[in-house]
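A.B. asks:
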Amino acid sequence: SEVEWRYLGGDSEHTRYSAAANLTASNFEDLEEAWVWDGASFNAQSGRSTPSYINGVLYTVAGPRRHVVAMDPSTGETLWSYREPHTARYQYSMRKDYGKGVTYAEVDGKGVIYMSSPGFFLTALDAVTGLPLEGFGEPVNIKGFPKTGVVDLLKDLGHKYDPYDGIALATGYITASSPPIVVNGVIVVGNSHEQGYNQSRRENIPGDILGYDAKTGAFLWKFNVLPGPGEFGHDTWENDAWEWTGDISSWAPLSADQENGIVYVPTNGATMDFYGGFRPGDNLFSTSLIALDVKTGKRLWHFQMVHHDIWNYDTPTAPILMDVEHEGKPTPIVAQTTKQSFVYAFNRVTGEPLWPIEERSVPVSKMPGEKLSLTQPFPTKPAPFDMQGLTEDDLIDFTPELRAKAIKNLEPYEIGPLFHPPLHRDNGSDKIAALWCPGDMGGVNIDGPSAADPETGILYVTSRKGCTSRIIAPGAERDELIDAPTGSTITDYAVLRYSTVELPDGLPLFKPPYSKITAIDMNTGEHLWSIPVGETPEIVLNHPQLKDKQIANTGSGRIAKMMVTANLLIYADVASNGTPHLFAIDKATGKQLGKVEVPEKSNYGIMTYVHKARQYIILQTGPRLTAMALP
8 SEVEWRYLGG
18 DSEHTRYSAA
28 ANLTASNFED
38 LEEAWVWDGA
48 SFNAQSGRST
58 PSYINGVLYT
68 VAGPRRHVVA
78 MDPSTGETLW
88 SYREPHTARY
98 QYSMRKDYGK
108 GVTYAEVDGK
118 GVIYMSSPGF
128 FLTALDAVTG
138 LPLEGFGEPV
148 NIKGFPKTGV
158 VDLLKDLGHK
168 YDPYDGIALA
178 TGYITASSPP
188 IVVNGVIVVG
198 NSHEQGYNQS
208 RRENIPGDIL
218 GYDAKTGAFL
228 WKFNVLPGPG
238 EFGHDTWEND
248 AWEWTGDISS
258 WAPLSADQEN
268 GIVYVPTNGA
278 TMDFYGGFRP
288 GDNLFSTSLI
298 ALDVKTGKRL
308 WHFQMVHHDI
318 WNYDTPTAPI
328 LMDVEHEGKP
338 TPIVAQTTKQ
348 SFVYAFNRVT
358 GEPLWPIEER
368 SVPVSKMPGE
378 KLSLTQPFPT
388 KPAPFDMQGL
398 TEDDLIDFTP
408 ELRAKAIKNL
418 EPYEIGPLFH
428 PPLHRDNGSD
438 KIAALWCPGD
448 MGGVNIDGPS
458 AADPETGILY
468 VTSRKGCTSR
478 IIAPGAERDE
488 LIDAPTGSTI
498 TDYAVLRYST
508 VELPDGLPLF
518 KPPYSKITAI
528 DMNTGEHLWS
538 IPVGETPEIV
548 LNHPQLKDKQ
558 IANTGSGRIA
568 KMMVTANLLI
578 YADVASNGTP
588 HLFAIDKATG
598 KQLGKVEVPE
608 KSNYGIMTYV
618 HKARQYIILQ
628 TGPRLTAMAL
638 P
């Protein structure tokens with residue numbers, strides 16, 4: 008009677024799918040609050056962690072200290088918690104409160120919970136007792152650390168460091184937000200860095216991927232995400248930047264093909280968003296999808312989705328694995344949804360694109376010293392799932408007056424197609440900055456992971472319309488605003504701050520839908536349907552010029568927090584008046600089958616499980632977890 012949710016994404020394929028079938032269209036609206044777990048005592052805030060339900064226990068991480076917490080799935084009562092001792096390297100982490108979950112494996116028949124921490128340690132805990140795993144790792148020479156159960160990940164990156172303070176900031180900085188993943192007895196650990204818009208200097212360290220033995224914690228291999236001399240991809244760094252720059256972390260979650268022993272690593276850009284003049288070339292393996300052999304850590308194949316990324320188009324969600332019928336043949340695939348509003352789809356074993364991906368010409372940069380790639384990869388299928396680039400045709404069109412206001416508000420900005428480059432301040436024109444669309448909030452972004460139905464091969468993508476404009480100024484100006492900058496050499500340019508386009512009467516700049524869910528058949532690459540997320544905001548409904556107009560649902564502008572069950576596509580968002588709801592959707596048609604009010608807005612992914620024959624839905628509601636169930 009139990010249906011588990013073993014991974015952050017439900018399964019190691021990251022489909023966010025559950026076979027749980029208790030909830031149907033006819034009883035969905037009977038859902039009610041079952042219990043609330045409050046992370047206040049753990050100082051929890053963001054609520055980015057999706058719990059796992061394994062062997063009758065719920066596991067999550069909470070708060071900036073990334074406490075590992077086990078709880079009773081029918082009451083939310085805390086069963087045990089574990090807290091890593093304090094270090095300066097934990098304290099500096101910009102990703103402290105962003106823990107996304109735990110990973111689980113069995114070692115000699117015993118359940119083990121693994122967690123990677125803001126301080127960049129890997130901890131293994133007995134899943135039943137919460138005690139550090141005997142015989143795992145080696146003692147850490149810091150007061151308060153347990154004698155066993157911990158691996159200091161910094162020692163295997165190969166940079167000079169102090170156990171308590173970490174790596175000197177002049178050299179670089181690394182942390183973690185997503186959990187590791189265990190594949191065939193190997194723990195694969197990703198990482199993350201500070202945000203690229205918080206950088207003003209060119210030095211950093213790369214986010215190399217690490218492999219460890221799940222039983223002993225012994226170091227097995229390292230994959231260099233920034234290739235050195237003699238390594239594949241080294242020629243994509245046209246100067247010596249590989250020696251001193253970095254990032255290229257895998258802050259989004261990893262996925263795995265357990266049968267073939269392959270782990271899929273989505274990466275972000277190299278050091279610094281919006282200016283890369285100090286790192287000419289395509290910069291492998293930044294903003295890429297990399298398939299690694301889990302036994303050896305060797306690259307099997309890769310695809311770079313953005314060459315020389317300066318748009319903050321980091322890959323924000325886990326790759327999704329499914330088996331589909333492609334051109335009449337059963338085909339194992341991996342699909343990566345991106346901020347660019349593309350799905351990049353490949354045979355997950357060979358790396359062959361399912362449909363052609365074309366290199367097309369894109370605009371050149373006007374920024375001094377910047378050398379962009381002349382082309383970028385455009386998938387021919389599936390079609391883009393949301394807006395790309397910006398023309399006047401994309402702007403609000405409820406009335407001619409509102410459109411005229413939107414056009415006027417855009418006058419200070421340079422606009423253009425997808426991959427429109429940033430523009431520096433004092434550029435000799437009357438434009439204060441460039442606007443690029445999608446902006447760095449996406450298309451798709453971290454808080455709205457895609458979901459899939461492995462039974463049908465349908466991919467469900469939630470996206471929003473949005474553009475970004477940033478004021479790019481001399482690096483020295485930005486450097487003065489950062490308390491403890493990483494690196495030592497200030498760059499010619501850096502991002503100073505956001506520049507926000509004035510909205511026409513406070514209404515969204517664009518034509519609706521402002522946010523939507525698109526169903527894509529990955530057998531054929533065709534879009535099946537799309538629906539707005541949530542309901543039209545009151546600001547639109549109550550606008551004096553629009554009160555008497557019949558306006559179709561615009562969507563809320565928020566992205567859906569989704570999962571797929573045997574019977575339904577379920578997502579969390581808000582009604583017109585802002586009240587949080589859960590919505591039930593027909594997976595095949597997109598028709599809304601029901602909605603039910605819930606106590607709080609969901610911040611990140613939702614999940615479900617069946618415990619003692621009762622199906623629960625867990626909403627990540629900021630510092631709390633809210634459990635919904637049938638009476």
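Numbered according to this note's numbering, the sequence shown spans residues 8 to 638.
Don't be surprised by glycine CBs; every beta carbon is placed ideally from N, CA and C.
Given the structure is predicted, the values throughout are model-derived calculations rather than measurements.
#1: Compute the Euclidean distance between the alpha carbons of G70 and M122, then round it to the nearest angstrom.
#2: Taking 8 angstroms as the threshold (C-beta atoms), are G562 and P519 in contact?
#3: DSSP beta-bridge partners for L466?
#4: Bridge partners of M614, per DSSP?
#5: Helix or strand or just coil, what does DSSP make of E36?
#6: Would you kindly work out how many angstroms separate the C-alpha atoms of R208 and K167, rounded to a whole number?
#7: What are the boundary residues of the beta strand (DSSP E) that includes G118?
#8: Report the start-end ranges of each alpha helix (DSSP H) in the segment 22-84 that is 4 residues or longer and not cut off at the edges.
#9: Taking Q599 as part of the beta strand (DSSP E), name the residues at either end of that continuous run.
#10: Return the chain-ordered ranges of every beta strand (DSSP E) run that is complete within the segment 492-542 and spans a minimum of 3 residues.
#11: Per DSSP, what are the beta-bridge partners of N354 in this structure?
#12: Going by C-alpha distance, which of A636, L637, T628, P638 is nearest Q52?
#13: Excluding sequence positions up to five away, which residues of its chain have a Cβ less than 6 angstroms from the Cβ of G63?
#14: Below 8 angstroms between beta carbons: does that hold for W244 and N290?
#15: Between the alpha carbons of R13 and I61, how many angstroms are there, rounded?
#16: So, are the CB atoms of E36 and G601 less than 8 angstroms apart?
#17: Going by the CB atoms, is the gap between A41 and Y521 shorter than 8 angstroms?
#18: Can you tell me the Cα-Cα spacing of S257 and T531, whole angstroms?
#19: In the DSSP assignment, what residue or residues form a beta bridge with R631?
#20: Among R286, A458, L516, which one has its Cα closest to the Cα of E399?
#21: Quick check on L30: buried or exposed, where buried means 16 or more other Cβ atoms within 10 Å of its Cβ?
#22: What would DSSP say about W249, mapped onto helix, strand or coil?
#23: Determine the burial state of Y24: buried for a count of at least 16 other Cβ atoms within 10 Å of its Cβ, exposed for fewer.
#24: Applying the 10 Å Cβ sphere with the 16-neighbour rule, what's the burial state of I414?
#25: Suppose the cutoff is 6 angstroms on Cβ atoms and the five residues either side in sequence are ignored; what does the same chain contact list for G304 look like?
#26: Less than 6 angstroms between C-beta atoms, sequence neighbours within five positions excluded: which residues of the same chain meet that for V331?
#27: Should the segment 371-381 be regarded as contacting the segment 294-311, the criterion being three or more beta carbon pairs within less than 8 angstroms?
#28: Whether or not the segment 259-270 and the segment 154-168 are in contact is what I'm after, with contact meaning three or more pairs of Cβ atoms, one per stretch, closer than 8 angstroms; do they touch?
#29: Nearest by alpha-carbon distance to P287: which of G585, A277, S295 is it?
#30: Measure from the alpha carbon of E1 to the alpha carbon of each residue in Q383, T357, F353, A582, then state which is nearest.
#31: Under 8 angstroms Cβ to Cβ from P481, same chain only, skipping five residues before and after it: list those, please.
#32: Whole angstroms are fine: how far does the CA of V547 sit from the CA of L553?
#33: Please go through the same chain and pick out, in chain order, the residues whose beta-carbon is closer than 6 angstroms to the beta-carbon of Y89, but skip the five residues on each side of it.
#34: With a Cβ-Cβ cutoff of 8 angstroms, do L626 and T615 count as a contact?
#35: Please name the residue in Y97, K117, I188 whose C-alpha comes closest to that of H200.
#36: Look at the alpha carbon of L164 and the alpha carbon of S124, and state the distance between them as a whole number of angstroms.
C.D. replies: Straight from the coordinates:
#1: 13 angstroms
#2: yes
#3: A459, I527
#4: I625
#5: helix
#6: 19 angstroms
#7: 117-123
#8: none
#9: Unbroken beta strand (DSSP E) run through Q599: 599-604.
#10: 500-505, 522-528, 533-539
#11: I340
#12: T628
#13: none
#14: yes
#15: 6 angstroms
#16: yes
#17: no
#18: 29 angstroms
#19: D45, T628
#20: L516
#21: buried
#22: W249 sits in a helix when the DSSP states are folded into three classes.
#23: buried
#24: I414 counts as exposed, since fewer than 16 other beta carbons sit within 10 angstroms of its beta carbon.
#25: Only G218, W228, F230 meet the Cβ criterion.
#26: Hits under 6 angstroms: T338, I340, G464, M529, N530.
#27: no
#28: no
#29: A277
#30: Past the boundaries of the shown model lies residue 1; the chain is included only from 8 to 638, so the question cannot be answered.
#31: Only residues of its own chain outside the window of five on either side were considered, and among them D499, Y500, A501 have a CB closer than 8 angstroms to the CB of P481, listed in chain order.
#32: 7 angstroms
#33: V75, L132, G137
#34: Cβ distance not < 8 angstroms, so L626 and T615 don't count as in contact.
#35: When Y97, K117, I188 are compared, the shortest CA-CA separation from H200 is found for Y97.
#36: 15 angstroms
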